[in-house]
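Okay, so here's the structure we're looking at.
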Amino acid sequence: MYLNNSFSSDKLGGLVLIIGENNTGKSNLLKALGCFSEHLDEFKENCTPNYLGFEDTITHLGLCIEEKIGKDEKSENKASIEIEHDKISYSLAPETEQLKSVCFKVLNNLDPETSIQEDFKNKLNRTSNADSLLKLFNEILRYQDNEKSNDIKEQFKKDLTTFKTRLKQELEKIQKELRRYLNNADSLQPLIETICDEGTTLKGMQENLEQFKQLANEYTDQINRSNWNRINPPTFPTINLKEPILSSHVDYESIENILEDYPLNKIEYFLHSKLAQVIYYKPTTSFSSKDLMTTPDDLTKSKFFNLLFNAVNKNAFEEIKNAYIKAKDKSEAYLNQAGRKYEKLINEEISKHFNQMYFQNKNEDLYYEFDFKLDSQKVSLSLFKRNKKGGEEVLELDHQSEGFRWYFDLFFNLLCSPKIAPNSIVLMDETGSNLSVPTRIEYRNFLKKLGQEKGVTFVISTHDPFLVDADHLDELRILSLDENLRNVSINYFSSVSPNDSDSLKHIKKALGVEKRHLIGSKCVFVEGISDYNYLSAFKLLYEKEKEKSLSMVFLPINGLGKGNLSNEEQKKIWKEEMEKKLKILDKEEPNTTLLVDGDDKGQLCEEINEKLENKLKLLKLTDCKSIKFNNEKLSKDIEGVFSKSDYQRFDLENKRNSGHIAYTSALKNDVLLNPHLIEKETKENFYKLLEWLQKELQKEPQEKRK
Numbered sequence: 000m001y002l003n004n005s006f007s008s009d010k011l012g013g014l015v016l017i018i019g020e021n022n023t024g025k026s027n028l029l030k031a032l033g034c035f036s037e038h039l040d041e042f043k044e045n046c047t048p049n050y051l052g053f054e055d056t057i058t059h060l061g062l063c064i065e066e067k068i069g070k071d072e073k074s075e076n077k078a079s080i081e082i083e084h085d086k087i088s089y090s091l092a093p094e095t096e097q098l099k100s101v102c103f104k105v106l107n108n109l110d111p112e113t114s115i116q117e118d119f120k121n122k123l124n125r126t127s128n129a130d131s132l133l134k135l136f137n138e139i140l141r142y143q144d145n146e147k148s149n150d151i152k153e154q155f156k157k158d159l160t161t162f163k164t165r166l167k168q169e170l171e172k173i174q175k176e177l178r179r180y181l182n183n184a185d186s187l188q189p190l191i192e193t194i195c196d197e198g199t200t201l202k203g204m205q206e207n208l209e210q211f212k213q214l215a216n217e218y219t220d221q222i223n224r225s226n227w228n229r230i231n232p233p234t235f236p237t238i239n240l241k242e243p244i245l246s247s248h249v250d251y252e253s254i255e256n257i258l259e260d261y262p263l264n265k266i267e268y269f270l271h272s273k274l275a276q277v278i279y280y281k282p283t284t285s286f287s288s289k290d291l292m293t294t295p296d297d298l299t300k301s302k303f304f305n306l307l308f309n310a311v312n313k314n315a316f317e318e319i320k321n322a323y324i325k326a327k328d329k330s331e332a333y334l335n336q337a338g339r340k341y342e343k344l345i346n347e348e349i350s351k352h353f354n355q356m357y358f359q360n361k362n363e364d365l366y367y368e369f370d371f372k373l374d375s376q377k378v379s380l381s382l383f384k385r386n387k388k389g390g391e392e393v394l395e396l397d398h399q400s401e402g403f404r405w406y407f408d409l410f411f412n413l414l415c416s417p418k419i420a421p422n423s424i425v426l427m428d429e430t431g432s433n434l435s436v437p438t439r440i441e442y443r444n445f446l447k448k449l450g451q452e453k454g455v456t457f458v459i460s461t462h463d464p465f466l467v468d469a470d471h472l473d474e475l476r477i478l479s480l481d482e483n484l485r486n487v488s489i490n491y492f493s494s495v496s497p498n499d500s501d502s503l504k505h506i507k508k509a510l511g512v513e514k515r516h517l518i519g520s521k522c523v524f525v526e527g528i529s530d531y532n533y534l535s536a537f538k539l540l541y542e543k544e545k546e547k548s549l550s551m552v553f554l555p556i557n558g559l560g561k562g563n564l565s566n567e568e569q570k571k572i573w574k575e576e577m578e579k580k581l582k583i584l585d586k587e588e589p590n591t592t593l594l595v596d597g598d599d600k601g602q603l604c605e606e607i608n609e610k611l612e613n614k615l616k617l618l619k620l621t622d623c624k625s626i627k628f629n630n631e632k633l634s635k636d637i638e639g640v641f642s643k644s645d646y647q648r649f650d651l652e653n654k655r656n657s658g659h660i661a662y663t664s665a666l667k668n669d670v671l672l673n674p675h676l677i678e679k680e681t682k683e684n685f686y687k688l689l690e691w692l693q694k695e696l697q698k699e700p701q702e703k704r705k
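Take the sequence shown: its position 703, counted from the start at 1, is 702 in numbering that gives the first Met the number 0, and no numbers get skipped.
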């Protein structure tokens, strides 16, 4: 099953909906994907068939990510995990991808508190050249060595400080003993201060300690020899602390040498490649107001606070426990100190991300904020809605909208988890079915946008027609049983039968609904999936930029058919097939509108429609006179609506390539996410085409001749 694609090299995200009739195996498909989660070893137990006749079946699953250049079939980079029966294997090709995987693993050992880790990851995602990767790996290792050196130096400083404190105590004991017999023993004090001064080096300590020992021995010569046992040379303090010798860094000169020293023999290494972390999201808890409050004794038993602290600081429980012990034995100030620390962390790490995801980076006047409190009887988290003018409203979770509570549960159960990272795949089974229709539509749009922004692919199995968006039918993966009810096939919106003009047929059957439940606006049928992707993308962009709704959706009829029109026999067959297709289309959609290219097939289509007494409202691309086509050759095709520069940059020339449909789907998402990359001429052309179509749809349908 093909899941997703993107032009972005570091973020592959969005929404995939798995639909199908009852008992087609939607949940089983999710479980198969779930085998690639962190519970790989459970595969044999859960996924080996145990029903009659299939006991010896060898199950085989694979998860793969590929990077390609343009629409070429050649794979540039590939990462895959395969599970066959109870054996797990994985591969990364070429060596540059293996090196990237090693780099990501090494990076995870760096201090996460610094921005350097994220900076290196961004560089890695932008780098594919072998020489550049080699330099970057050596740079990471140098930084890691420096970090280790700094840690060692820091530890040495701490050890030296501790040692000086203890040494000072020992030397002052000797001085005190000498004072019992000599008045001039105080002259040792400046030496003690010098030896134990914070700025004195280890070498300086050694030299001054020798002076102290020599002077102390001279003093003892002045005292009766019987007292010498009080300052016994064998027990005189010595410096046994040694300054660490730090090894110098040596750069690697080849990828082969790196892979020898950092062999990819653990699945954890592999999962840090671009291949996704798979997360099976099964929310077992819907949080209520009472979950946001607990007692100090029950703190570690609270699921909510476990999730909260796991996202903020893994040492939180231990630190808070110690704060309560110190508050009880010494002072309440320790509890107040811990409370302030974690309130600051929660607002920096949790409130910030909660608002960014909820408002999806819109410039909102309102924002949500959490207040964390520790007192002798309870631990609590309070929620406030505040505005930039200083207004404040206390929020009780139990009294919030179902949409907000759904997001609250999703955020704390999943989104604030450290497991979520770019290229993750999150699996959800029939989620949100208990919500109202507007809320379901809202959370569907939320997940899609969040997935695209964060590079996370949300895969949802559902039978809910309200999660289906007519402008994004390329999200659908449709399960269907064959005639013998033995095999399940996965159909895509783009895989309509060549003889079937009803592109919604499989979708309607899978969801058990009629077209009116899926398409609420006026419908314009177009030739193929590419036309659908282009026009849907620019329609959505138009509505966003112009803040004006276009009451139309596009649906493909799977092309105008294949055939060489210069061959009279093939031309005759083509015309007969096209006539049947137009008749079926008219029967299913009376007064429908069909937009075709202005090429030879489009011209013949117009002639056939006239023969059928204009049963359809047929529009040719060339009828829109306001479009400025990028060249004469493309003046009749939808690709000609793009500017010459965009046409070349997006590599739109070979529309018959087998990868073209997936390519245009990725292009559609890229246009919506990065509209600034589209030239003004391209936008204006598509906007003129859309406005022209809107006017044509508003005209009264032609009266059919009898």
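Note that beta-carbon positions come from the ideal geometry of N, C-alpha and C, so glycine has one too. Here the structure is a predicted model, which is why all the values come from computation and not from measurement.
query	result
Environment of Pro233 [buried if 16+ CB atoms lie within 10 Å]	Low confidence applies to Pro233: its pLDDT is 47, below 50, so where it sits in the model is not reliable enough to give any reading.
Rounded straight-line distance, which links the Cα of Tyr541 to that of Tyr686	7 Å
Start-to-end residues for the alpha helix (DSSP H) that takes in Leu291	First-last for Leu291: undefined, no H or E at that position.
Reduced DSSP secondary structure (H/G/I, E/B, other) of Thr237	coil
Best match in Asp468, Thr621, Asp397, Tyr367 for proximity to Asn386 [C-alpha to C-alpha]	Tyr367
Of the listed residues Arg179, Ser400, Leu16, nearest to Ile477 (C-alpha basis)	Leu16
Burial state of Cys623, where buried means 16 or more other Cβ atoms lie within 10 Å	buried
Continuous beta strand (DSSP E) stretch holding Asp468: start and end	Note, Asp468: premise wrong, no beta strand (DSSP E); not H, not E.
Sub-9 Å separation of Thr23 and Ala509 beta-carbons	yes
Check whether Thr730 and Gln376 have beta carbons under 9 Å apart	Coverage of the chain is limited to positions 0 through 705, which leaves residue 730 absent and any answer about it impossible.
Pro417 in three-state terms, based on DSSP	coil
Burial state of Tyr442, where buried means 16 or more other Cβ atoms lie within 10 Å	buried
Coarse secondary structure for Tyr251, derived from DSSP in three states	coil
Cα-Cα separation between Glu695 and Ile459, rounded to whole angstroms	37 Å
Given Asp364 as reference, the closest of Asn557, Glu391, Lys600, Phe628 once Cα atoms are compared	Glu391
Opposing strand residues paired with Pro589 [DSSP bridges]	Answer is none; Pro589 lacks a bridge partner.
Length of the line joining the Cα atoms of Tyr80 and Ile64	According to the sequence shown, residue 80 is Ile rather than Tyr. Cα to Cα, the separation comes out at about 10 Å.
Length of the line joining the Cα atoms of Lys329 and Pro189	37 Å
In chain order, each beta strand (DSSP E) run of at least 3 residues that lies wholly inside the region 428-469	456-460
Option nearest Glu83 by Cα separation, candidates Leu106, His59, Cys102, Lys104	His59
Nonlocal neighbours in the same chain, by C-beta distance under 7 Å from Leu671, ignoring five residues either side	Ala536, Leu539, Leu540
Cβ shell of Leu688 (< 7 Å), same chain only, five flanking positions each side left out	Cys623, Ile626, Val640
Identified DSSP bridge partners for Met551	Lys521
Identity of the residue in Glu513, Glu526, Pro555, Leu409 nearest His471 by Cα	Pro555
Candidates Trp691, Tyr1, Thr591: closest to Phe524 by CA position	Thr591
Bridge-paired residues (DSSP) for Leu382	Phe369, Leu394
Inter-residue spacing [alpha-carbon to alpha-carbon] between Ile506 and Ile583	18 Å
Counted within 10 angstroms of its Cβ, other Cβ atoms place Gly33 as buried (16 or more) or exposed	buried
Bridge partner(s) assigned by DSSP for Val15	Val458
Environment of Ala332 [buried if 16+ CB atoms lie within 10 Å]	exposed
Residues that DSSP places opposite Lys619 in a beta bridge	Val595
Beta-carbon gap between Ile349 and Ala310 smaller than 9 Å	yes
Buried or exposed by the 16-neighbour rule on C-beta atoms within 10 Å, applied to Lys86	exposed
Classification of Thr219 by the beta-carbon crowding that lies within 10 angstroms, buried from 16 upward	buried
Terminal residues of the alpha helix (DSSP H) in which Phe648 lies	First, the residue type needs correcting, since residue 648 is Arg and not Phe in the sequence shown. Note, Arg648: alpha helix (DSSP H), 643-648.
Simplified DSSP state of Arg339, which is helix, strand or coil	helix
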